[in-house]
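All remarks here apply to the structure that follows.
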Amino acid sequence: KVLPPSDLFHPVLPVRHENKLFFPLCRLCMEHKIKNCNHDSEDDRSFIGTWITEELKLAVSKGYRILKIFEVYHFENRTDAMFREYIDKFLQIKQESSGWPSHCKTETEKTAYLEEYRRVEGIALNKDNISKNPGLRTVSKLALNSFWGRWGMNEDKVQRVFITDVKELNKMLADPTIIIRDFLPYSGEVMELCYNRKEKFLPKKDITNLFLAAFTTAHARIKLYQVLDQLGTAVLYYDTDSVIYVSDGQNDPPLGDYLGQFTDELPPIQYVTEFVSAGPKNYGFRLSSQATTVKMRGSTLNYNNSQKINLLP
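Rendered as structure tokens:
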């Protein structure tokens, strides 16, 4: 149970509420969608959640107070080499299929890039394999990103069975280990039944590890927060691994070609002149060249949709 500060511009700790992820500074304001907070009580503002220790350390450094600890999972041993061979393999493929960085024009610059990449990441890139290959890059990126997600996979998926016998239906309805979600009659003889297992009756499997998934996402949030904290009120929008902000020429985060470093997604010698956002994964911006980009979750931006969803002059 933690009590957040009341005046932090970028909150640290995430909380899941109504199947959405929030970063609140007040529990009641989050639950009742209150914009202007006037709650002073610790009970009103504090919330309960589960976080890894490194994220809690960051939160405490930003003014959060830990009010109560209910449970701790502690691991005696630690390693920085878990899955290294797998990660290095697909990271090499991803980096090689990204092509040469824009600053590598001459053979000397290319050689320096290969040597520096090996020094920083411990991976020897194959010079002959370095060329832009969007398809291969996408596949290797998917292999990298989906790997940790597999460890955090939700095993409580909705199950579906087709029933053709009344006795079988009655047996399912009387089963104390399941929760019936839906009935879908297809005919007078066939019915689809959708159900979940109750949590304490879920089968134990060794194909997931919530700790690996939790540490991966938490360290990513910590890395992102370091940049958000540096930029402060200049931040306009941010997502899992990206930030859109107002640059003053002095506050730009360092860019690079390595893990944990940001890259500039804009075309060379261009900058954003207009930005608008309506929520997570829902934004648009205009470049100095007058070109526009619009992102909207759940909508395919084909020609027909682009006539309705766009950034007008």
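Here the sequence shown is numbered in our numbering, starting from 197 and rising by one per residue. Beta carbons are placed, not taken as given, at the ideal position from N, Cα and C, and that holds for glycine.
Check                                                                                                        : Outcome
Boundaries of the alpha helix (DSSP H) in which Lys216 is found, first to last residue                       : Taken as a continuous stretch (DSSP letters only), Lys216 belongs to no alpha helix (DSSP H), being part of the beta strand (DSSP E) at Lys216 to Phe218.
Straight-line Cα distance separating Asp371 from Leu398                                                      : 14 Å
C-alpha distance - Ala409 paired with Gly345, whole-angstrom precision                                       : 6 Å
Nearest-angstrom Cα separation, counted from Cys233 out to Tyr282                                            : 47 Å
Closest Cα partner of Met387 within the set Leu406, Glu251, His415 and Val357                                : Val357
Stretch-stretch touch, CB-based, cutoff 8 Å, three pairs: the segment 420 to 434 with the segment 463 to 480 : yes
First and last residue of the uninterrupted alpha helix (DSSP H) at Pro330                                   : Pro330 to Trp347
DSSP bridge partner residues for Gln355 (one or two, in chain order)                                         : Tyr391
Cα-Cα separation, Pro449 to Ala416                                                                           : 16 Å
Unbroken alpha helix (DSSP H) run spanning His228, endpoints                                                 : Arg223 to His228
Distance, Thr413 Cα to Gly348 Cα                                                                             : 10 Å
Three-state class that DSSP yields for Met368 in the structure shown                                         : helix
Continuous alpha helix (DSSP H) stretch holding Ala409: start and end                                        : Leu406 to Leu427
CB contact flag (Val268, Ile262, <8 Å)                                                                       : no
Strand pairing of Leu380, partner residues [DSSP]                                                            : Glu388
For Glu227 and Leu199, the rounded distance between their alpha carbons                                      : 15 Å
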